[in-house]
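Colleague:
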Amino acid sequence: TYARMETLRSPKQLTGPAHGLGNLTFQAWFRAQFGAAEWKKLDKIPRTMWMDYLRWYREVLGIPVENGVSVDGIEPEGELLRLHLLGGAPSILARKVVMATGREGTGVPSIPGFVKNLPQRFWAHSSEDIDFEGLRGKRVAVVGVGASAVDNSAEALEHGAAEVRHLIRRREMPTINKMMGIGSFGFTCGFAELPDEWRWRFMQYSFATQTPPPRGSTRRVSRHANAFFHFGKAVSSTKENQSSVRVGFSDGTSYLTDFVILGTGFLTDPMSRREFGDAAGDILLWQDVYTPPEAETSADLGRFPYLNPDFTFREKTPGQHPWLSNVYCFNYGASASLGKVSGDIPGISEGAAWMARNISATLYAEDIDRHWQGMLDYDTPELQGDEWEPSDLEPHLSESQTA
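The opening position of the sequence shown corresponds to residue 42 in this note's numbering, with each subsequent residue numbered one higher.
1) Can you check the stretch 252-286 for any beta strand (DSSP E) of at least 3 residues that lies completely inside it and give the ranges in chain order?
2) From S168 to R212, what does the alpha carbon distance come to, in whole angstroms?
3) What residue from P387, D420, T259 and N372 has the CA that sits closest to G61's CA?
4) Quick one: any contact between the stretch 245-253 and the stretch 207-223, if contact means 3 or more CB pairs under 8 Å?
5) Counting only runs that start and end within the stretch 91-172, where is the beta strand (DSSP E) found for 3 or more residues in a row?
6) How many Å lie between A69 and G63 at the Cα?
7) Note the first and the last residue of the continuous beta strand (DSSP E) segment covering F317.
8) Counting only runs of 4+ residues fully inside the stretch 166-250, write out the alpha helix (DSSP H) ranges in chain order.
9) If contact is defined by three or more beta carbon pairs under 8 Å, each pair taking one atom from either stretch, is the stretch 191-211 in contact with the stretch 312-332?
10) So, helix, strand or coil for F71, using DSSP?
11) For S295, write down the residues that DSSP places opposite it in a beta bridge.
12) From G306, I171, F307 and F354, pick the residue whose C-alpha is nearest to that of L326; which is it?
13) In three-state DSSP terms, what is H437?
14) DSSP on T48, reduced to helix/strand/coil?
15) Spatial neighbours of F232 within its chain, please: C-beta separation below 6 Å, excluding the five flanking residues on both sides.
16) Do you know offhand how far K280's Cα is from S313's?
Given below as structure tokens:
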């Protein structure tokens, strides 16, 4: 995993993936081990402790998990889908496939063009496995100031980097998480029902204002005297300079560093996912169905998949790749269509229940002939015949029909 924060951003009391079952919550797990007093003292959930909780969750529910296995491709095979795997069995068959692929979702790490010609030994994306010990005594540049950017910055500082400089395109630090201002059960349940213009407006505004890094994560960086935040420094180029890197800015200035970490997030684009093969280009996107006002344009948001209400993908050309309707987008890629219900802790249980109901309903409808035959064939008696005795109606109680 590339999670490098010390604690989760979400409040500790949220139910998370517990599906409304109190005994499955992080709070229940924590209190059972450490007691109510320790729970009261706990501020935020430590990242490594959250992983311990998820391992326990997996164990008590008996969820089969295969680590180190990835899906290389999906293709139709009759009425089924064949998943070609890396790291496990060569392939498996499934009727339905859920892409629970997290923040990366239906995309890839966003790699700016300015590192295209820079040797890989000089840079890494924040989602990669970085040798932080190898950065001891080095000058490190971190592009961006989002959550992953500051988490990687802190790791470099704590591993003894000589200096870490955040190179930030914006003139000011974003300080307000706008999505926090509208979080409610109504938003969770109602966002998907909104007209396209309202769903787009909410998401585009969130993108434009940008989510700030958590306060604790930011202070984890700023407490170091050799950490710096440089605003208004949009990187335009990088060039190898003997054993270092010259970073050029759009304002015409430049500086030397030893290593560049890209805290540039992810690019949502189904075309970049190898799982879909040739069908990737036939996935319906927001840019295919909605044209926003000029003030609300967003190329990034336009590449999000335009999903069905049950989380499944839609085709651009009906009938071209109908199997896409059997693939469920339960990741960050669903947020533009259905809201924050497929990855973030606050809404994950609602989203999972919503998707599970839809999968169950679809499977039932597809198997309706079998269910009908099952009803016809069902012959297990409710009564065994020994629960009553038949009786004749006594003559004096019977009225004459000819009277």
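Backbone N, C-alpha and C define an ideal beta-carbon position, used for all residues, glycine too.
Here the structure is a predicted model, which is why all the values come from computation and not from measurement.
Modeller: Answer, in terms of the structure:
1) The qualifying runs are 268-272 and 276-282.
2) Your numbering for residue 168 matches position 127 in the sequence shown. Your numbering for residue 212 matches position 171 in the sequence shown. About 25 Å.
3) Taking the first residue of the sequence shown as position 1, residue 61 is located at position 20. The shortest CA-to-CA distance from G61 to any of P387, D420, T259 and N372 is the one to P387.
4) Because the criterion of three Cβ pairs below 8 Å is met, the stretch 245-253 and the stretch 207-223 touch.
5) Taking only runs of at least 3 residues, the beta strand (DSSP E) segments lying wholly in the stretch 91-172 are 111-118, 121-127, 132-135, 138-140, 148-150 and 164-166.
6) What you label residue 69 is simply residue 28 of the sequence shown in a count that begins at 1. What you label residue 63 is simply residue 22 of the sequence shown in a count that begins at 1. The alpha-carbon separation between A69 and G63 amounts to approximately 7 Å.
7) By one-based count along the sequence shown, residue 317 stands at place 276. Note, F317: premise wrong, no beta strand (DSSP E); not H, not E.
8) Fully enclosed alpha helix (DSSP H) runs of 4 or longer: 188-199, 226-231 and 237-250.
9) No, the stretch 312-332 is not in contact with the stretch 191-211.
10) For this step, residue 71 is matched to residue 30 along the sequence shown. Helix, per DSSP.
11) Your numbering for residue 295 matches position 254 in the sequence shown. G289, per the DSSP bridge assignment.
12) The sequence position of residue 326 within the sequence shown is 285, counting from 1. Nearest option by C-alpha distance: F354.
13) Numbered from 1 along the sequence shown, position 396 holds the residue referred to as residue 437. It is helical.
14) Here the question's residue 48 lines up with position 7 in the sequence shown. In the three-state DSSP reduction, T48 falls in the strand class (E or B).
15) Reading the sequence shown from its first residue, position 191 is the one you call residue 232. The answer, listed in chain order, is G380.
16) Counting from 1 along the sequence shown, the entry for residue 280 is found at position 239. Counting from 1 along the sequence shown, the entry for residue 313 is found at position 272. It is roughly 27 Å from the alpha-carbon of K280 to the alpha-carbon of S313.
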